[in-house]
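J.: Dropping a structure here in structure tokens format, bear with me for questions.
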Amino acid sequence: MMQTAPINPHLADTLLTVFDLAGTFVFALSGATKAVEHKLDLFGILVLCFAAGNSGGIARDIMIGALPPAAIAHWGYIAVSVLAGLITFFWYSVINRLSSPVLLFDAAGLALFVAAGTGKALAFHVGPVAAILFGTLTGIGGGMVRDLLVQEIPAVLRTDIYALAALIGAAAILAGRALQLPPFAASSLGAALCFGIRLGAMHYRWRLPSAGT
Amino acid sequence: MMQTAPINPHLADTLLTVFDLAGTFVFALSGATKAVEHKLDLFGILVLCFAAGNSGGIARDIMIGALPPAAIAHWGYIAVSVLAGLITFFWYSVINRLSSPVLLFDAAGLALFVAAGTGKALAFHVGPVAAILFGTLTGIGGGMVRDLLVQEIPAVLRTDIYALAALIGAAAILAGRALQLPPFAASSLGAALCFGIRLGAMHYRWRLPSAGT
Amino acid sequence: MMQTAPINPHLADTLLTVFDLAGTFVFALSGATKAVEHKLDLFGILVLCFAAGNSGGIARDIMIGALPPAAIAHWGYIAVSVLAGLITFFWYSVINRLSSPVLLFDAAGLALFVAAGTGKALAFHVGPVAAILFGTLTGIGGGMVRDLLVQEIPAVLRTDIYALAALIGAAAILAGRALQLPPFAASSLGAALCFGIRLGAMHYRWRLPSAGT
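Right, here's the structure in full:
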């Protein structure tokens, strides 16, 4: 098991919570815009916000034994989910004027959740491979549930370099920790790398090969 | 954390179990009728019965740490699920003659599961906001999984005032407990309120607003 | 609770792990071939491999409290999942020449996972009914998630005698244990019975009745 650098635990907790709540907010925005596209009513929007913003973290918390999951135990997560839903509901035309808002929020949420998920898994003393997997799963979980709930094949399966960006970001955090970077620096590095790769893949249409059928 | 009124724990357990098994039975009926509509064979019907009747409770039990989940540890849950499947299989024409049986069983299951889920979460000492969320999630989980398994967008997202009815019911139980009502009275009040709102929404076509796209 | 026969725990652990990894491999192959059919790219294939190969075991581990789940805590599971994905990616035409490879791998994975899931549940001291259910759920979980992720109604619901084969296999393992068979013999018997019933159902088109609508 990896020995993490000694840090102020309260500061680390605070940073983890900031990443987690920010990721929840932007994934909830992605859920809200998708809900509006599918013409769901106000409460349907809020349910999809909560599912998109919190499914990844709930799955992670269940699997590392952090029960009940933070998304349910702490009111902050439902509050930012509802806030994202209400903002989208009342100002959808503003949100929508941003180009491809679902994709952009999704990329930001992916990066934030990868950092938060990897950090929380390490705080629960899982090994480095498990921490990378938990970071990746935290990042892709919310979007998978969001897409499944409106009957779409999850973006993570169809989209070039999506889960791969999450995996690289999580691996970078582990590498940064191994190099004795402060946890916040390692997390920020991993999140920035994940976000950059994801944006680059969207903008330059980077592709992975498909099987020659 | 909310201090619950002192009660006879054995009586409370019994009442909780009755609500839980009754909810399982009616949700399993809703799963069975949907399975027959999709022309599944006998064992497919039973699988959908079990999933519809127990997914919400299993998710709740996993998240409050009540392992293994009651739906698997205690034979009663699989027994009532199978019973609901067999009844629907052999007397589908009778079940179907009731108008909109899926919707009616679904509403009753929602109300019973909200009461059982809220009560069990409180018994595991979660806070009041978490108890309301667990009650709501217990109520809507089974129907979500049922619908996803037959490739439909879950009713909870499309249907006016569904999750909202669950949320109000769960909040009413917390309010009743705070007002020192006996747990059974608070649970019954919440279940009745949830069922009434859901039936009213179906009958009078109450609607929530959609985003002005 | 059933008293299991005294055995060499290390040997039993090894056998359990062999069944589990073999089941992961063949289910991952079934996920990979389905991913190629849906024209997913390389990393999408690997994600579907991991989901198909490990969802059943992850669900079982969460519900018996074996946290973090073996599929994430031990690198062997992701390694065989990735291996299955790469084999399918580079030699799809070979894999595909086998008739109905998804169905065949699926049947083998079902049998292996039923044996591994029942054995692990018993090792965590659940009762006999729960062990049968956990064995069945471990067997059918990966294929359900695999099919849901590519927006198909899960094979377990549509396919004649699928979950029933898993249930009979798991029940046979419990019967063998009750008859004091060595655990490996009981597990092999149950797996062979499950596989045989599944192949027989596919080959002879055994059917269960549907409700007379």
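Chains as they are written, first to last, in this note's numbering: chain D, 189 to 401; chain S, 189 to 401; chain V, 189 to 401. No residue lacks a Cβ here, since even glycine has one placed at the ideal position from N, Cα and C. On a predicted model such as this, the values are computed, not experimentally measured, just so you know.
If we count Cβ pairs, one from each stretch, closer than 8 Å, do we get three or more for the stretch 299-314 of chain S versus the stretch 220-232 of chain S?
T.: no
J.: Keeping to the same chain, check which residues put their C-beta closer than 6 Å to that of GLY273 of chain D; ignore five residues upstream and five downstream.
T.: Locating residue 273 of chain D in the first sequence gives position 85, counting from the first residue. In chain order, ALA220, ILE233, LEU234, CYS237 place their CB closer than 6 Å to the CB of GLY273 of chain D, counting only its own chain and leaving out the 5 sequence neighbours on each side.
J.: What are the start and end residues of the alpha helix (DSSP H) that includes SER375 of chain V?
T.: For the purposes of this step, residue 375 of chain V is taken as the residue at position 187 of the third sequence. Start and end: 371-392.
J.: Assuming GLY211 of chain V contacts LEU300 of chain V under a Cβ cut-off of 8 Å, what Cβ separation, rounded to an integer in Å, is found between them?
T.: Numbered from its first residue, the third sequence carries residue 211 of chain V at position 23. Numbered from its first residue, the third sequence carries residue 300 of chain V at position 112. Yes, GLY211 of chain V and LEU300 of chain V are in contact; Cβ-Cβ is about 3 Å, under 8 Å.
J.: At a Cβ threshold of 9 Å, is THR259 of chain S touching chain D?
T.: Within the second sequence, the letter at position 71 stands for residue 259 of chain S. Note that residue 259 of chain S corresponds to Ala in the displayed sequence, not to Thr. So no, ALA259 of chain S is outside the interface.
J.: Measure the Cβ-Cβ separation of THR324 of chain D and LEU355 of chain D and say whether it is below 9 Å.
T.: One-based indexing of the first sequence puts residue 324 of chain D at position 136. One-based indexing of the first sequence puts residue 355 of chain D at position 167. Contact flag set, yes.
J.: What residues of chain V sit near ARG395 of chain D, judged by a beta carbon separation below 8 Å?
T.: Against the first sequence, residue 395 of chain D aligns to sequence position 207. Correct list: ASP229.
J.: Check the DSSP bridge columns for SER398 of chain S and list the partner residues they point to.
T.: Your numbering for residue 398 of chain S matches position 210 in the second sequence. BP columns for SER398 of chain S point to D:ASP229.
J.: Between the Cα of ALA379 of chain D and the Cα atoms of D:ASP201, D:HIS313, D:ILE320, D:ALA267, which residue gives the shortest distance?
T.: Looking up residue 379 of chain D in the first sequence gives position 191. Nearest option by C-alpha distance: D:ILE320.
J.: Could you tell me if SER281 of chain S is buried or exposed, where buried requires 16 or more neighbouring beta carbons within 10 angstroms of its beta carbon?
T.: On the second sequence, position 93 is the one that residue 281 of chain S refers to. Exposed.
J.: By the three-class DSSP mapping on this structure, what secondary structure does ILE260 of chain V have?
T.: For this step, residue 260 of chain V is matched to residue 72 along the third sequence. Three-state DSSP puts ILE260 of chain V in a helix.
J.: Can you list, in chain order, the residues of its chain with a C-beta nearer than 7 Å to that of ALA374 of chain D? Leave out the 5 residues immediately preceding and following it.
T.: One-based indexing of the first sequence puts residue 374 of chain D at position 186. If we look at ALA374 of chain D and ignore the five residues flanking it on each side, its Cβ neighbours are ILE361, GLY364, ARG365.
J.: Tell me the rounded alpha-carbon separation between ASP249 of chain S and PHE312 of chain S.
T.: Reading the second sequence from its first residue, position 61 is the one you call residue 249 of chain S. Reading the second sequence from its first residue, position 124 is the one you call residue 312 of chain S. When the Cα atoms are used, ASP249 of chain S and PHE312 of chain S turn out to be separated by approximately 10 Å.
J.: Could you list which residues in chain A have their beta carbon closer than 9 Å to that of ARG334 of chain S, in chain order?
T.: In the structure shown, chain A cannot be found, because the protein chains are D, S and V.
J.: Thinking just about the alpha-carbon of each residue, which of V:ALA389, V:GLY331, V:MET390, V:VAL338 is nearest to the one in ALA240 of chain V?
T.: Working through the third sequence from its first residue, we reach residue 240 of chain V at position 52. From the listed residues V:ALA389, V:GLY331, V:MET390, V:VAL338, the smallest Cα separation to ALA240 of chain V is found for V:GLY331.
J.: What is the residue span of the alpha helix (DSSP H) that LEU367 of chain V lies within?
T.: The residue given as residue 367 of chain V occupies position 179 in the third sequence. Looking at the DSSP string, LEU367 of chain V is not in any alpha helix (DSSP H), and its letter there is neither H nor E.
J.: Count the other CB atoms, across all protein chains shown, that sit within 10 Å of the CB of PRO397 of chain V; report buried if there are 16 or more and exposed otherwise.
T.: On the third sequence, residue 397 of chain V is found 209 positions in, with the first residue counted as 1. Exposed: under 16 other Cβ atoms inside 10 Å.
J.: Pick from V:PHE278, V:ALA254, V:ALA359, V:ILE328: whose alpha carbon is nearest that of LEU230 of chain V?
T.: Counted from its first residue, the third sequence places residue 230 of chain V at position 42. When only C-alpha atoms are compared, the closest one is V:PHE278.
J.: With 16 as the cutoff for other CB atoms within 10 Å, does TYR392 of chain D come out buried or exposed?
T.: Within the first sequence, numbered from 1, the residue matching residue 392 of chain D stands at position 204. Answer is exposed; the Cβ neighbour count stays below 16.
J.: Measure the C-alpha to C-alpha separation of ALA318 of chain V and PRO257 of chain S and round it to an integer number of angstroms.
T.: As a first step, residue 318 of chain V is located in the third sequence; it is residue number 130 there, counting from the start. As a first step, residue 257 of chain S is located in the second sequence; it is residue number 69 there, counting from the start. In a straight line, the C-alpha of ALA318 of chain V is about 10 Å away from that of PRO257 of chain S.
J.: Measure from the alpha carbon of ASN284 of chain S to the alpha carbon of each residue in S:SER218, S:LEU310, S:ILE328, then state which is nearest.
T.: Looking up residue 284 of chain S in the second sequence gives position 96. Nearest C-alpha to ASN284 of chain S: S:SER218.
J.: In angstroms with no decimal places, state the Cα-to-Cα distance between PHE372 of chain V and LEU337 of chain V.
T.: On the third sequence, position 184 is the one that residue 372 of chain V refers to. On the third sequence, position 149 is the one that residue 337 of chain V refers to. In a straight line, the C-alpha of PHE372 of chain V is about 34 Å away from that of LEU337 of chain V.
J.: Below 9 Å between beta carbons: does that hold for SER255 of chain S and ILE252 of chain V?
T.: Working through the second sequence from its first residue, we reach residue 255 of chain S at position 67. Working through the third sequence from its first residue, we reach residue 252 of chain V at position 64. Note on identity: in this sequence residue 255 of chain S is Leu, with Ser being the wrong assignment. Cβ atoms of LEU255 of chain S and ILE252 of chain V: closer than 9 Å.
J.: Please name the residues in the stretch 241-259 of chain V whose beta-carbon is closer than 9 Å to at least one beta-carbon of chain D, in chain order.
T.: ILE246, ASP249, ILE250, GLY253, LEU255, PRO256, PRO257, ALA259
J.: If the cut is a Cβ gap below 8 Å, which residues of chain D does ARG346 of chain S touch?
T.: Mapped onto the second sequence, residue 346 of chain S falls at position 158. Under the 8 Å cutoff, chain D gives LEU228, GLY232.
J.: Using 8 Å as the cut-off, classify the Cβ of ALA296 of chain V as near or not near the heavy atoms of the ligand GTP, replying yes or no.
T.: With respect to the ligand GTP, the structure offers nothing, as it holds no ligand at all.
J.: For VAL235 of chain V, return the contacting residues in chain D, with the cut-off set at a CB-CB distance below 8 Å.
T.: One-based indexing of the third sequence puts residue 235 of chain V at position 47. Going along chain D in sequence order, the residues near VAL235 of chain V (Cβ under 8 Å) are ILE328, VAL344, LEU345, ALA351.
J.: LEU291 of chain S CB to nearest chain V CB: under 9 Å?
T.: Against the second sequence, residue 291 of chain S aligns to sequence position 103. Chain V contact via Cβ: absent.
J.: From ARG386 of chain V to GLY244 of chain D, what distance separates their C-alpha atoms?
T.: Taking the third sequence and counting its residues from 1, one reaches residue 386 of chain V at position 198. Taking the first sequence and counting its residues from 1, one reaches residue 244 of chain D at position 56. One C-alpha to the other measures close to 34 Å.
J.: For ILE361 of chain S, decide whether its Cβ has a neighbour in chain D, counting only Cβ atoms nearer than 9 Å.
T.: Walking along the second sequence from the start, residue 361 of chain S turns up at place 173. Not a single CB atom of chain D sits nearer than 9 Å to the CB of ILE361 of chain S.
J.: Leaving out five residues before and five after ALA389 of chain S in sequence, what residues of the same chain have Cβ atoms less than 6 Å from its Cβ?
T.: Position 201 of the second sequence, counting from 1, holds the residue named residue 389 of chain S. Same-chain partners within the cutoff: ASP348, ILE349.
J.: Around the C-beta of LEU345 of chain V, are 16 or more other C-beta atoms found within 10 angstroms, so that it is buried, or is it exposed?
T.: Position 157 of the third sequence holds residue 345 of chain V. The residue in question, LEU345 of chain V, is buried, as its Cβ has 16 or more Cβ neighbours within 10 Å.
J.: If the cut-off is 7 Å on Cβ atoms, which residues from the stretch 306-323 of chain S count as contacting chain V, listed in chain order?
T.: none
J.: Let me make sure I understand the geometry here. Which of D:ALA296, D:VAL214, D:LEU381 has the alpha-carbon closest to that of ALA267 of chain D?
T.: Counted from its first residue, the first sequence places residue 267 of chain D at position 79. Nearest of D:ALA296, D:VAL214, D:LEU381 to ALA267 of chain D, Cα basis: D:VAL214.
J.: Taking the Cβ atom as the reference point for each residue, do VAL302 of chain V and GLY357 of chain V lie within a distance shorter than 9 Å?
T.: Residue 302 of chain V sits at position 114 when you count from the first residue of the third sequence. Residue 357 of chain V sits at position 169 when you count from the first residue of the third sequence. Their beta carbons are under 9 Å apart, which means VAL302 of chain V touches GLY357 of chain V by this criterion.
J.: Please report how far the alpha carbon of VAL206 of chain S lies from the alpha carbon of PHE293 of chain S, in whole angstroms.
T.: Taking the second sequence and counting its residues from 1, the one referred to as residue 206 of chain S is at position 18. Taking the second sequence and counting its residues from 1, the one referred to as residue 293 of chain S is at position 105. Roughly 16 Å separates the two Cα atoms.
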